[in-house]
Each structure stands twice: as structure tokens, then as C-alpha cells.
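Trainee: Converting from the sequence shown to my numbering requires adding 9 to each position, the first position being numbered 1.
Ideal Cβ placement from N, Cα and C applies to all residues, glycine included.
Here the structure is a predicted model, which means the values were calculated and not measured.
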Amino acid sequence: MKRTDQIIIEILTKECERYHLDRMGFTDPQRLINDAQSLMSQLAEKGHTPLSLRKTDVIRNYYREKGFSKFCREHINDIRFENMIFSLMKVHLAHTKKMNELTDSDKYLSAENDSVSYGLSKKHFEEIYTLEMNPFITFGHPTELEQWCKEVISRHFPISQEAIISQMEQNDPFIWEKFYIKLRGICNAICYQMSKTTADNNTHDLWSDTCLTINKAVTTGIMSKPLTAKAIISYAVGIIKNKNKEKFRKRKNEPLPIDSLEYKIEDSKIENFFDNPITTIKNFPSHSFRFSNYIDISDESSVRGYFIVILYNKEHPLHKELIRGLEDKIEKLFLHYIDELPYEQIVTRYYGEQKGLDLIRRTAQVRQEIKRVKETLLKRYYKLLKEKL
Numbered sequence: 010m011k012r013t014d015q016i017i018i019e020i021l022t023k024e025c026e027r028y029h030l031d032r033m034g035f036t037d038p039q040r041l042i043n044d045a046q047s048l049m050s051q052l053a054e055k056g057h058t059p060l061s062l063r064k065t066d067v068i069r070n071y072y073r074e075k076g077f078s079k080f081c082r083e084h085i086n087d088i089r090f091e092n093m094i095f096s097l098m099k100v101h102l103a104h105t106k107k108m109n110e111l112t113d114s115d116k117y118l119s120a121e122n123d124s125v126s127y128g129l130s131k132k133h134f135e136e137i138y139t140l141e142m143n144p145f146i147t148f149g150h151p152t153e154l155e156q157w158c159k160e161v162i163s164r165h166f167p168i169s170q171e172a173i174i175s176q177m178e179q180n181d182p183f184i185w186e187k188f189y190i191k192l193r194g195i196c197n198a199i200c201y202q203m204s205k206t207t208a209d210n211n212t213h214d215l216w217s218d219t220c221l222t223i224n225k226a227v228t229t230g231i232m233s234k235p236l237t238a239k240a241i242i243s244y245a246v247g248i249i250k251n252k253n254k255e256k257f258r259k260r261k262n263e264p265l266p267i268d269s270l271e272y273k274i275e276d277s278k279i280e281n282f283f284d285n286p287i288t289t290i291k292n293f294p295s296h297s298f299r300f301s302n303y304i305d306i307s308d309e310s311s312v313r314g315y316f317i318v319i320l321y322n323k324e325h326p327l328h329k330e331l332i333r334g335l336e337d338k339i340e341k342l343f344l345h346y347i348d349e350l351p352y353e354q355i356v357t358r359y360y361g362e363q364k365g366l367d368l369i370r371r372t373a374q375v376r377q378e379i380k381r382v383k384e385t386l387l388k389r390y391y392k393l394l395k396e397k398l
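Next up, the structure:
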């Protein structure tokens, strides 16, 4: 086989793998080689050789002879074809993000190697696919398919800050998970600066409480409008600082003045938190859509953050399964960690006015109940992870 023929077959083989054409029945490796060799023999009989034609012309002629355009139209509703388009769009999105300046949304709401402005959830992709793909569209060869993906990406991305905030207000788990992971690094940095706490397990509860509190503030309209990405991160930083002060005060068992919640902080302070090496999440993996379309189970921070998503988002498909039979106890958990009610007030709300030993017993009971429900929820969550994979 001539070297030029080998190059053309190698190109076609790589395209077959990239676009999963063998899986969808368009061709297979051996049939591809036979068809390509047959095509080049026909060209040679007509007086043409690959050397006298551009390789791209030969390759495009191959797809025309094989009916690539018809094949695409017939597979528009094939989930394998959709997934292939989805993968292509994510690749182009990553490149587009790299070639453009950092948006304010990404600066304040997503981890260093992740993005909300150029993030593509499965749900969002399906909306775009339904809007942009139609039975009359034609792709003569894969290069035209690639170009179509690029054009679609340019029309829909970057997502505006207003649209991202709206998604957060609607409790979109795809956006919130990215923000929770952003908060993890910031929480660790603030705790280190304020109380020299460094280990993740020492800051986990504070971070989890902050995630729940900021989620409630945004989704229930507690924060003043109009919302911005900077306002949300500032509010979250204020929560972390005050919770850290409270934790420090309790540990020292001595009075310590706690500032009112700092909804706004100076730009310089925000930058210090973002520039701190502790906040950098190196090599954060791209999201895998194996589990409910959002979570990468190989990333510990993502797994932890997703627990908060399911627990707090009542619309999530796994929410009811996670909390089934624990609704009353979870309400007490939220009262303590989100509304910050002391155990004694929770006792009064559920059991009426209590005094003396009765109050002590009931308080201890509620404290243990909340502790046990946290443990139960985590065990059930990890069980769900195993079952749904």
C-alpha cells in the first residue's frame, strides 16, 4: 500500500474512532479500509491518484459515497449520536474558554479549572440540541459537523451572569455544585488565616453549613436584588468568617465580639482569598455524567459537594430517596444548622416549654437525634452512589 493511501486510511480510522461511527453502524475498521482502498482504486482508474488530489478531497469523497449526510439525519434521535455531539461541544467549549478572558461569573463562582460560564450540563445540552438540530440539516462530512458545533457554541456561550444567577435562584444543582467546590477552598483558607485550622475534616461541618445557608439565602430571596456573582461570594465569605469566629469563641470559652454578617467585603480582601494558594484546586477533573449527569465520583470534593445538592434541592430526582422516613429529623437538623436555633429552642418548638431535668433530657435527646440523622444521611448517600452507578 502506498504511503499516501496509508495516511488517508489512518485519518479515516481516527475519525471513525472520534465520532464513534463504528458503534453507530456507519462503518467498522475493516470495512473502512476496504471501502477506502476501493475508492482510491476507482480514482486511479479515472486517471487520478491521491497525489494529484488533496487528501481532504479524497476523504470528503469517501463520506459522500458512504452517505454520511443521510446517516446523520437518520440518527438525529439516536442517543449515541446525541452523546457524540455532546462530547464534541464540551471539547469546543473547553477550547473557547481557554481562548477568552476570565468572566466575573467564573472568577467568583467556580473553581480554578472549572467554569459556570462555559459549563454544559446534560439538561442544557438537551435544550440546545432540540433547538438547533433538525431533520433538514446536512453534514457532508465530519468537518462540517465540527463546524456546526463551533457555531452553536458561539451562539450560546459564554452564559451571561444574569442567566447563571437565575439558575442559582432556581436551585440548579449543576451550578451550585461548582460553587460549593469553590467555597471549599475559600473555607479552608479563611479557617487557616483566622484559627490556623488546616485539615479538611476540621472544616467540613463549617463548609457544609455555609453551603446550606448561602443556598437558602439565594433561592428564597433573602439577599437583596439585583444579585451578582460578586455579591454571592461576598455573602458566603461573611458567613464563613462569622461561623469561624463563633467556633473559635466556643473553643476558647470566652467572650469574643462577633461582627454582624458581612454581606460585602472589599475587593482587595476577596482577591486575597482567591490568590491564596490554599484556595487553588489543582487539576480539578471535568465532570463525568455517569451519575445523575452531574457528579465525578473520582473527585472527593465533588462527591461531598453533591451530597449538599441532593439534600437541599427538593426537586432533585434523588432527594426523596435520600430523606425518606427522616423528614421530621431533617427539619430539626436544618433548624439548628441553617436557622442556627439552639437545641433548647428546638425542644420548645417540638415539645413545648420544658424546665429543669426535663429540659436537659430533651435537649440531649434532640442533640443525639440530629447527630444520628447526619450519620444516617451520609451512609444512605454513599449507598445511593453505589446503587446508581
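Is Ile-319 buried or exposed, if buried means 16 or more other CB atoms sit within 10 Å of its CB?
Mentor: Translated into the one-based positions of the sequence shown, residue 319 becomes position 310. So Ile-319 ends up on the buried side.
Trainee: If contact is defined by three or more beta carbon pairs under 8 Å, each pair taking one atom from either stretch, is the stretch 180 to 193 in contact with the stretch 120 to 135?
Mentor: These segments touch.
Trainee: Looking at C-beta atoms only, is the number of pairs between the stretch 23 to 43 and the stretch 88 to 97 that lie closer than 8 Å three or more?
Mentor: yes
Trainee: Taking contact to mean at least 3 C-beta pairs separated by less than 8 Å, is the stretch 126 to 146 in contact with the stretch 165 to 182?
Mentor: yes
Trainee: Confirm, please, whether the CB-CB distance from Ile-241 to Leu-118 is below 9 Å.
Mentor: Stepping through the sequence shown from its first residue, residue 118 is reached at position 109. Stepping through the sequence shown from its first residue, residue 241 is reached at position 232. Yes, they are a contact pair.
Trainee: Considering only the alpha carbon of each residue, which of Cys-25, Asp-218, Ala-238 lies closest to Arg-193?
Mentor: Start at 1 with the first residue of the sequence shown, and residue 193 comes out as number 184. Residue Asp-218 is the option with its Cα nearest to Arg-193.
Trainee: Starting from the C-beta of Arg-7, find all residues in its chain whose C-beta is less than 7 Å away, skip the five residues before and the five after it, and write them out in chain order.
Mentor: One cannot answer for residue 7 here, as it falls past the ends of the chain, which runs 10 to 398.
Trainee: Could you say which of Glu-153, Val-246, Glu-178, Gly-365 lies nearest to Tyr-28 if we only look at CA atoms?
Mentor: The residue given as residue 28 occupies position 19 in the sequence shown. Its Cα nearest to that of Tyr-28, the residue Glu-153 stands out among Glu-153, Val-246, Glu-178, Gly-365.
Trainee: When you compare only the Cα positions, how much space is there between Asn-197 and Asn-253?
Mentor: Indexing the sequence shown from 1 puts residue 197 at position 188. Indexing the sequence shown from 1 puts residue 253 at position 244. Their backbone Cα atoms lie some 11 Å apart in a straight line.
Trainee: Let me check understanding here. Comparing Cα to Cα, which of Arg-381, His-84, Glu-362, Ile-18 lies closest to Met-49?
Mentor: By 1-based counting over the sequence shown, the position of residue 49 is 40. For Met-49, the nearest C-alpha among the options comes from Ile-18.
Trainee: How about Phe-221 and Ile-317: are their beta carbons less than 9 Å apart?
Mentor: Here residue 221 is taken as the residue at index 212 of the sequence shown, counted from 1. Here residue 317 is taken as the residue at index 308 of the sequence shown, counted from 1. It is Leu, not Phe, that sits at residue 221 in the sequence shown. If you check the CB distance, Leu-221 and Ile-317 come in under 9 Å.
Trainee: Please classify Ser-269 as buried or exposed, where buried requires at least 16 other C-beta atoms within 10 Å of its C-beta.
Mentor: The count along the sequence shown starts at 1 and reaches residue 269 at position 260. Below a pLDDT of 50, predicted positions are generally treated as unreliable, and Ser-269, at 38, falls in that range; the measurement from the model is reported next regardless. With fewer than 16 Cβ atoms within 10 Å of its Cβ, Ser-269 is classed as exposed.
Trainee: Between the beta-carbon of Ile-68 and the beta-carbon of Ile-146, is there less than 9 Å?
Mentor: Here residue 68 refers to the residue found at position 59 of the sequence shown. Here residue 146 refers to the residue found at position 137 of the sequence shown. In this structure, Ile-146 does not lie closer than 9 Å to Ile-68 by Cβ.
Trainee: So, using beta-carbon positions, are Ala-238 and Asp-113 closer together than 9 Å?
Mentor: As a first step, residue 238 is located in the sequence shown; it is residue number 229 there, counting from the start. As a first step, residue 113 is located in the sequence shown; it is residue number 104 there, counting from the start. For Ala-238 and Asp-113, yes; Cβs fall inside 9 Å.
Trainee: Within a Cβ cutoff of 6 Å, which residues of the same chain sit near Pro-151, ignoring the five residues on either side of it in sequence?
Mentor: Mapped onto the sequence shown, residue 151 falls at position 142. Around Pro-151: Glu-24, Tyr-28.
Trainee: Tell me the residue span of the alpha helix (DSSP H) that contains Lys-107.
Mentor: For the purposes of this step, residue 107 is identified with residue 98 of the sequence shown, where counting begins at 1. Start and end: 88 to 108.
Trainee: Taking the alpha carbon of Lys-106 as the reference point, which residue from Glu-353, Tyr-138, Asp-348, Ile-162 has its own alpha carbon closest?
Mentor: Here residue 106 refers to the residue found at position 97 when the sequence shown is read from its first residue. Comparing Cα-Cα distances from Lys-106 to each of Glu-353, Tyr-138, Asp-348, Ile-162, the minimum goes to Ile-162.
Trainee: Closer than 8 Å is the cut-off here; do at least three beta carbon pairs connect the stretch 327 to 343 with the stretch 360 to 374?
Mentor: no
Trainee: Taking the alpha helix (DSSP H) that Arg-358 belongs to, which residues open and close that run?
Mentor: Locating residue 358 in the sequence shown gives position 349, where the first residue counts as 1. Arg-358 -> alpha helix (DSSP H) spans 352 to 360.
Trainee: Just the Cα atoms here: how many angstroms apart are Lys-380 and Tyr-359?
Mentor: Position 371 of the sequence shown, counted from the first residue, corresponds to residue 380. Position 350 of the sequence shown, counted from the first residue, corresponds to residue 359. Straight-line Cα distance between these residues: approximately 17 Å.
Trainee: Which residues in the same chain have their Cβ closer than 8 Å to the Cβ of Met-232, if we skip the five residues on either side of it in sequence?
Mentor: Position 223 of the sequence shown, counted from the first residue, corresponds to residue 232. Correct list, in chain order: Ala-226, Ala-240, Ile-241, Tyr-244, Tyr-272.
Trainee: Just checking my contact of Thr-228 with Asn-180 at CB under 8 Å: how many whole Å lie between their CB atoms?
Mentor: Position 219 of the sequence shown, counted from the first residue, corresponds to residue 228. Position 171 of the sequence shown, counted from the first residue, corresponds to residue 180. About 5 Å separates the two Cβ atoms, so the contact holds.
Trainee: Along the chain, which unbroken stretches of the alpha helix (DSSP H) at least 4 residues long are found entirely within the stretch 140 to 186?
Mentor: 151 to 165, 170 to 178
Trainee: Please classify Pro-326: does DSSP put it in a helix, a strand, or coil?
Mentor: Working through the sequence shown from its first residue, we reach residue 326 at position 317. Of the three classes helix, strand and coil, the one that applies to Pro-326 here is coil, per DSSP.
Trainee: In three-state DSSP terms, what is Leu-387?
Mentor: Translated into positions along the sequence shown, residue 387 becomes position 378. In the structure shown, Leu-387 adopts helical secondary structure according to DSSP, grouped into three states.
Trainee: Just the Cα atoms here: how many angstroms apart are Leu-344 and Leu-350?
Mentor: On the sequence shown, position 335 is the one that residue 344 refers to. On the sequence shown, position 341 is the one that residue 350 refers to. Distance between the alpha carbons of Leu-344 and Leu-350: 6 Å.
Trainee: Which term fits Ala-45, buried or exposed, when burial requires 16 or more other beta carbons within 10 angstroms of its beta carbon?
Mentor: Counting from one through the sequence shown, the residue named residue 45 turns up at place 36. It counts as buried.
Trainee: Which residue wins for smallest C-alpha separation from Lys-159, given the options His-213, Lys-99, Ala-373, Ser-130?
Mentor: Position 150 of the sequence shown, counted from the first residue, corresponds to residue 159. Nearest of His-213, Lys-99, Ala-373, Ser-130 to Lys-159, Cα basis: Lys-99.
Trainee: Suppose the cutoff is 7 Å on Cβ atoms and the five residues either side in sequence are ignored; what does the same chain contact list for Thr-372 look like?
Mentor: As a working note, residue 372 is residue 363 in the sequence shown. Excluding positions up to five away in sequence, the list reads Tyr-352, Glu-353, Val-356.
Trainee: Can you have a look at His-101 and say buried or exposed, based on whether 16 or more other CB atoms are within 10 angstroms of its CB?
Mentor: In the sequence shown, residue 101 corresponds to position 92, counting from 1. In the assembly as shown, His-101 is a buried residue. Its beta-carbon has 16 or more other beta-carbons within 10 Å.
Trainee: Could you pull the start and end residues of the alpha helix (DSSP H) that Arg-32 belongs to?
Mentor: On the sequence shown, position 23 is the one that residue 32 refers to. That residue, Arg-32, is in no alpha helix (DSSP H); it is neither H nor E in DSSP.
Trainee: When you compare each of Tyr-71, Ile-195, Tyr-390, Gly-149 to Lys-79 by their alpha carbons, which one comes out closest?
Mentor: Stepping through the sequence shown from its first residue, residue 79 is reached at position 70. Checking every option, the nearest Cα to that of Lys-79 belongs to Gly-149.
Trainee: Helix, strand or coil for Glu-349, going by three-state DSSP, please let me know.
Mentor: Translated into the one-based positions of the sequence shown, residue 349 becomes position 340. It is coil, neither helix nor strand.
Trainee: Do Val-382 and Ile-347 have their CB atoms nearer than 9 Å?
Mentor: Position 373 of the sequence shown, counting from 1, holds the residue named residue 382. Position 338 of the sequence shown, counting from 1, holds the residue named residue 347. Taking 9 Å as the Cβ cut-off, Val-382 and Ile-347 do not qualify as a contacting pair.
Trainee: Is the distance from the Cβ of Glu-412 to the Cβ of Gly-230 below 9 Å?
Mentor: As shown, the chain starts at 10 and ends at 398. That puts residue 412 outside it, with no answer to give.
Trainee: So, at 7 Å on beta carbons, what are the nonlocal neighbours of Asp-115 in its own chain, with the 5 sequence-adjacent residues on each side left out?
Mentor: Here the question's residue 115 lines up with position 106 in the sequence shown. Answer for Asp-115: Ser-124, Val-125, Ser-126, listed in chain order.
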